[in-house]
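Under our numbering, the first residue of the sequence shown carries the number 1259, and numbering increases by one thereafter.
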Amino acid sequence: MKSILHLNLTSFPISTERALNPRALGGRPLAVAIPTARATLLDVSSEARLAGLHRGMLLSLAEKLCPDLLVLPPRPELYDRATAAFARVLATFSPLCELAGPGHAWLDLTGTSRLWGPPADAAARVRLALGRELRLWPA
């Protein structure tokens, strides 16, 4: 029987920014947006979602709803490097990995039980490796 693990790093840009600067960015409402007059939110943290913010919302409205919102400019090069690092960690567990967008992947664990144990144990090991090596924690 096949064992396929789906990994989802929610709010990948926010998670990546927080991994680099956990003290300054942890626990705060964050958004990623291009700083222009009609900007929309490209990504939001869970704290920002609790304040009623969502992707696609106008930045001007978001700042009114959540005055303590910290807005970060998008850094695509950083997210590309984080995606490559994510893939490298996953490749240590299985050569059969399919990236499905930033922070999303499918990992085929079929036949890896001698190395990593049953699928649930392997999934826990993958999660721990991502957390330890990249400070990124899948949902």
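Each residue gets a CB set at the ideal place from its N, CA and C atoms; glycine is no exception.
Contact annotation: the region 1303 to 1311 touches the region 1279 to 1287, with at least three C-beta pairs closer than 8 Å. Leu1299 counts as buried, since no fewer than 16 other beta carbons sit within 10 angstroms of its beta carbon.
Counting C-beta pairs closer than 8 Å gives fewer than three between the region 1361 to 1374 and the region 1312 to 1328, which falls short of the contact rule.
The DSSP-derived three-state label of Leu1354 is coil.
One thing to note: Val1329 has its Cβ within 8 Å of the Cβ of Ala1291. Of Leu1386, Ala1342, Ala1297, the smallest CA-CA separation from Gly1359 is found for Ala1342. Taking the C-beta atoms as reference points, Arg1383 is found nearer than 8 Å to Trp1374. Counted as a single uninterrupted DSSP element, the alpha helix (DSSP H) harbouring Asp1338 occupies residues 1334 to 1349. Residue pairing by DSSP places His1362 opposite Asn1266 in a beta bridge. Ala1340 and Thr1274 do touch by the CB rule: their CB atoms are close to 4 Å apart, below 8 Å. In the structure shown, Ala1289 falls within a strand segment according to DSSP collapsed to helix, strand and coil.
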